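Using the working numbering, the letters of the sequence shown map in sequence onto residues 39 to 302. Note that the Cβ used here is the ideal one computed from N, Cα and C, for glycine as well. Keep in mind it's a predicted model, so treat the numbers as computed, not measured. Below: the structure, in structure tokens.
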Amino acid sequence: MNLNHTDDAYDAYDAYDACPARSVQQETAVGAGAQLLLLALLGTAIGMGTAGWLTGLAFAFASWAVLSRALHRSRLPVFGPANRVTLGRATLVGGVTALVADSFRSAPPVSLLVGLTAVALILDGVDGKVARRTGTSTPLGARFDMEVDAFLILVLSVYVALDLGPWVLLIGGMRYVFVAAARVWPWLTAPLPPSTARKTVAALQGVLLLLAGAQLLPRAGNAAVVVVALGLLAWSFGRDVRWLWRRSRVPAAPATAMRELVAR
Numbered sequence: 039m040n041l042n043h044t045d046d047a048y049d050a051y052d053a054y055d056a057c058p059a060r061s062v063q064q065e066t067a068v069g070a071g072a073q074l075l076l077l078a079l080l081g082t083a084i085g086m087g088t089a090g091w092l093t094g095l096a097f098a099f100a101s102w103a104v105l106s107r108a109l110h111r112s113r114l115p116v117f118g119p120a121n122r123v124t125l126g127r128a129t130l131v132g133g134v135t136a137l138v139a140d141s142f143r144s145a146p147p148v149s150l151l152v153g154l155t156a157v158a159l160i161l162d163g164v165d166g167k168v169a170r171r172t173g174t175s176t177p178l179g180a181r182f183d184m185e186v187d188a189f190l191i192l193v194l195s196v197y198v199a200l201d202l203g204p205w206v207l208l209i210g211g212m213r214y215v216f217v218a219a220a221r222v223w224p225w226l227t228a229p230l231p232p233s234t235a236r237k238t239v240a241a242l243q244g245v246l247l248l249l250a251g252a253q254l255l256p257r258a259g260n261a262a263v264v265v266v267a268l269g270l271l272a273w274s275f276g277r278d279v280r281w282l283w284r285r286s287r288v289p290a291a292p293a294t295a296m297r298e299l300v301a302r
């Protein structure tokens with residue numbers, strides 16, 4: 039009888055432990071549902087073509103799959119309010135992605151694309167503050183936020199490149215080139231010190247690309263805006279790569295010396 043009671047206790051514990059996991063995964067399902075609803079609204083409003091639908095659906099599925107896997111591996115107990123804000127931003131980015139894909143067929147309403155992008159950029163400054171105020175900052179949340187930002191910049195680069203040329207793609211692709219290079223040179227994966235300049239440059243990329251894509255300026259003005267964005271981004275990445283390279287050249291302190299230093 040004692041053994042049976044023990045088994046029952048373990049079963050109850052496993053069920054309790056599984057509840058937070060199920061709750062967290064349900065959040066991703068809600069996000070996927072919101073993405074599908076937004077696509078349906080966009081499709082009805084502008085008569086979105088096949089490319090827009092397929093791209094939007096692919097984004098929704100990929101986001102759900104990647105986030106679900108990351109949550110499962112991190113065993114995050116709760117999704118948290120900050121991640122909900124980021125998930126909302128990801129939904130808007132999915133809508134922007136669908137509109138940009140559809141723009142290869144016909145130009146989407148600029149006001150609609152600008153509106154979705156502007157809200158996504160504004161919310162970029164919200165999720166971090168929410169995480170800090172609620173004490174729910176996590177490495178997964180920071181990575182989720184960063185990936186959504188990077189993909190939005192890539193999509194905006196594609197949209198602006200349709201008018202100004204493929205060189206604009208350097209802005210959206212620079213971060214992904216950096217990640218690929220880190221697989222060849224592991225010293226690029228070292229943590230970087232906090233930098234206000236880096237954060238400012240990253241935030242400006244979306245604003246400047248949105249300005250160029252809003253068609254408020256003449257073509258030469260849009261080109262100048264994008265050149266400024268590219269120059270700032272190249273400076274930021276170059277500074278970080280230089281710092282990482284210099285750090286990699288500094289020999290690690292011997293273990294004995296470190297022990298003596300600690301002993302003092």
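Collapsing the DSSP output to three states places Trp223 in coil. Of the candidates Pro231, Val104, Arg111 and Thr129, the residue whose Cα lies closest to the Cα of Leu76 is Thr129.
Spanning the alpha carbons of Thr93 and Pro289 requires a straight line of approximately 47 angstroms.
The region 247-266 makes no contact with the region 226-238: fewer than 3 CB pairs, one atom from each, lie closer than 8 angstroms. Ranked by Cα distance from Leu79, the first of Thr66, Ala136 and Arg113 is Ala136.
Taking C-beta separations shorter than 6 angstroms and ignoring five residues to either side along the sequence, the partners of Gly210 in its chain run Ile191, Leu192 and Ser195, following chain order. The shortest CA-to-CA distance from Gly251 to any of Thr174, Leu161 and Pro146 is the one to Pro146. Closest in C-alpha terms to Ser274, from the list Ala262, Gln243, Thr82 and Ala158, comes Gln243. When rounded, the separation of the alpha-carbon atoms in Pro232 and Gly259 is 33 angstroms.
The three-state secondary structure of Pro177, taken from DSSP, is helix. Here Phe142 has Ala89 and Leu200 as same chain residues with Cβ atoms under 8 angstroms from its own Cβ, once five neighbours each way along the sequence are excluded.
Here DSSP, grouped into helix, strand and coil, assigns Arg285 to helix. DSSP, read as helix, strand or coil, puts Leu255 in coil. An exposed status is given to Thr172, since fewer than 16 other beta-carbon atoms sit within 10 Å of its beta-carbon.
The alpha-carbon separation between Tyr214 and Leu161 amounts to approximately 23 angstroms. Taking 8 angstroms as the cut-off, the beta carbon of Gly179 is found no closer than this to the beta carbon of Leu154.
Phe216 carries a helical assignment under DSSP once its states are collapsed to helix, strand and coil. In the three-state reduction of the DSSP assignment, Val206 falls in the helix class.
Boundaries of the alpha helix (DSSP H) around Leu92: Thr88 to Ser112.
Taking 8 angstroms as the upper bound for CB-CB distance, Leu208 and Ala219 are not in contact here, some 14 angstroms apart.
Looking at the backbone, the Cα of Asn121 and that of Val62 are separated by about 11 angstroms.
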